[in-house]
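Okay, structure first, notes after.
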Amino acid sequence: MLQVAYIYQEPVQLVFNAHNANPKIKDDETPSVEDCKSSIYIKARELYNTYKSMEKNISIVEPPSCKLRSDNTDDWM
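In this text, residue positions in the sequence shown follow full-length UniProt numbering: the first is 1, and each later residue adds one.
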């Protein structure tokens, strides 16, 4: 299953394969509740870590109207 997440309008493609998330779960068996919970926890932690690392690497761009004006107030004289 392919999921696309948008963090600060930057597309991030996350490829999730259920077999890689929890190799204990086989296709021909019904997983237990604990196996499902551990798979969800592992994937949620991976997504959170990816989000946090991207959040650190993306600089926040402010619009020009938010920038402070120069302290040279005597320039107009």
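Ideal placement from N, C-alpha and C gives every residue a C-beta, glycine not left out. Predicted model, so just to flag it, every value in this text is computed and none were measured.
Where S39 sits in the DSSP three-state scheme:
In this structure, DSSP gives S39 a helical state, which the three-state scheme calls helix.
Note down the Cα distance separating N49 from K56, rounded to an integer number of angstroms.
Their Cα atoms are separated by approximately 11 Å.
For I7 and K37, what's the separation of their Cα atoms in angstroms?
With a pLDDT of only 48 at I7, under 50, the local geometry of the prediction cannot be trusted, and no value is derived from it.
Among K52, I42 and L47, nearest to E34 - alpha-carbon criterion
When each option's Cα is compared against that of E34, the closest is I42.
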